[in-house]
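Under the working numbering, the very last position in the sequence shown is 698; numbers go up by exactly one each time.
Cβ coordinates follow ideal geometry from the N, Cα and C atoms, glycine included.
Have a look at the structure below before the remarks.
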Amino acid sequence: MISSKTSFLALIGNPVSHSLSPIMQNAAIQHLGLDLVYLAFPCEKDDFDSTINTLKKLNCKGLNITIPFKEKVFDLCSEISPIAYKVKAINTLKLNSNNEWYGTNTDVEGFIYPLKKYDLKDKRGTILGSGGAARAAIQGLIEINIAEINLISRNKKSIENILRDFDGDIKINGILDSNKTNIDLIENSDLIVNSTPVGMESISNHANSLPFGKEIWQSLNSQTIIYDLIYKPKQTPLLKYGLQKKCITIGGLEMLIAQGAKSLSYWSNRVDVPINVMKEALKNYL
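The following block contains the structure:
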């Protein structure tokens, strides 16, 4: 029961009305018997700094930060974790002993979670896209010791920035989407990760599309794991195509839940966050 002593957690972004985080987080909070409630607050760009600074003066125990503020929030943190620096994105804030924000990133651990059951050491991965989600995926693949990453993107500058930032960490080949060799890359990949918005339900012109067009997917083989970071719809066009090719497929819901569980563990100092309860809570919403 919410009382005058109840503390709160919040998601800050714009938009946030579509977010599933309050549903899964409040289910886990109730299961654990914590005196917390998780809310979602939309925030305008010009109000972001004042909102974040005000919340640390209230009974707020932690925040999730989402689009478009994952980079902007760096300037408001007194401490930042090495992993957040590496991927250049913060998605979780917690107040430190000085009542200042400590920023970290749980997307990397969330990304890794569904891959732990597969042996991808020394394998070859392909990431589609070069935005913030791609950076989290790259760091995740580094941590599970994948041997090589092919990064396919339409944005040459973003590719160059990623190659610079991860130089020396892993072998990354940056390739423009127009390159004809992409057909061969798809065929020879052990894991393909879609970090683009293509296939997302809310983007109508992408809703029935495959990333970078149908042609490169003709060579997809059944030994490849297809991992789409989109979680709505639950079965994206890419995942459906992968199933037709008899591939192992992983939807973005796995990452969403795992990164949320890591954030809640971080805020509550609990290691027993119930991922299965969070999954069950979302069944009626997808």
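Between the alpha carbons of residue 628 and residue 593 lies a gap of roughly 9 angstroms.
By alpha-carbon distance to residue 653, the top candidate from 644, 639 and 665 is 639. Nearest C-alpha to residue 438 among 431, 633, 448 and 430: 448. Counting the other Cβ atoms within 10 Å of the Cβ of residue 663 gives 16 or more, which makes it buried. Counting only runs of at least 3 residues, the region 434-486 fully encloses the following beta strand (DSSP E) elements, listed from N- to C-terminal order: 448-454 and 472-477.
Residue 506 carries a strand assignment under DSSP once its states are collapsed to helix, strand and coil.
One thing to note: residue 485 has its Cβ no nearer than 8 angstroms to the Cβ of residue 453.
When rounded, the separation of the alpha-carbon atoms in residue 456 and residue 474 is 19 angstroms. Residue range 519-524 is occupied by the alpha helix (DSSP H) that includes residue 519.
Counting only residues of its own chain and dropping the five nearest sequence neighbours on each side, residue 658 has a CB closer than 6 angstroms to the CB of 634. Using a C-beta cut-off of 8 angstroms, the region 500-512 makes no contact with the region 531-539, since fewer than three inter-stretch Cβ pairs fall below that distance. Excluding its 5 nearest sequence neighbours in each direction, residue 689 has C-beta neighbours in its own chain below 7 angstroms: 439, 440 and 443, listed in chain order.
Pairing residue 532 with residue 556 gives a Cβ-Cβ distance under 8 angstroms. Contact between residue 646 and residue 603 does not hold, since the beta-carbon distance rounds to 20 angstroms and is not under 8 angstroms. Listed in chain order, the non-local C-beta contacts of residue 598 below 6 angstroms within the same chain comprise 628, 631 and 632, local neighbours out to five positions each way being set aside.
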